[in-house]
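Residues are numbered in the working numbering as their position in the sequence shown, beginning at 1, plus a constant of 34.
So the structure is just underneath, and the comments pick up after that.
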Amino acid sequence: MSDVILVPAVFRCPDHDNHELLTARVREQVDREAEWFSERSSEVFRVSVVCPGGASDAMPHRRIYDGTWSRAVSASRVA
């Protein structure tokens, strides 16, 4: 489980109801980025993911999302 918190927490396509899939794709890319910046506790991001479309409109298209990520503070870090 990732210790990264995303803001915003949900990423949507205005044309399709598949926010769970898009949020998972954004999280996957941001988690990878957060590994590279392991010394940082937060950072801004911009990622590009593919929205596969919807049931009635299966045309894939790219979406660009901006946000910030931060690391959750665990009890072991606080002590």
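All C-beta atoms, glycine included, are put in the ideal place defined by N, C-alpha and C.
Bear in mind that the values here come from a model prediction, so they are computed numbers and not experimental data.
Residue i - DSSP class collapsed to helix/strand/coil
i, result
"Pro94", "coil"
"Ala113", "Residue placement at Ala113 is flagged as unreliable, the pLDDT there being 49, under the threshold of 50; a coordinate-derived value is accordingly withheld."
Beta-carbon spacing of residue i, residue j below 8 Å
i, j, result
"Arg66", "Cys85", "no"
"Val83", "Leu40", "no"
"Val64", "Arg105", "no"
"His50", "Gly87", "yes"
"Val60", "Phe71", "no"
"Asp100", "Arg80", "yes"
Bridge partners - residue i, DSSP secondary structure assignment
i, result
"Gly88", "Paired residue(s): none; Gly88 is not in a bridge."
"Trp103", "Leu40 and Glu77"
"Val83", "Arg97"
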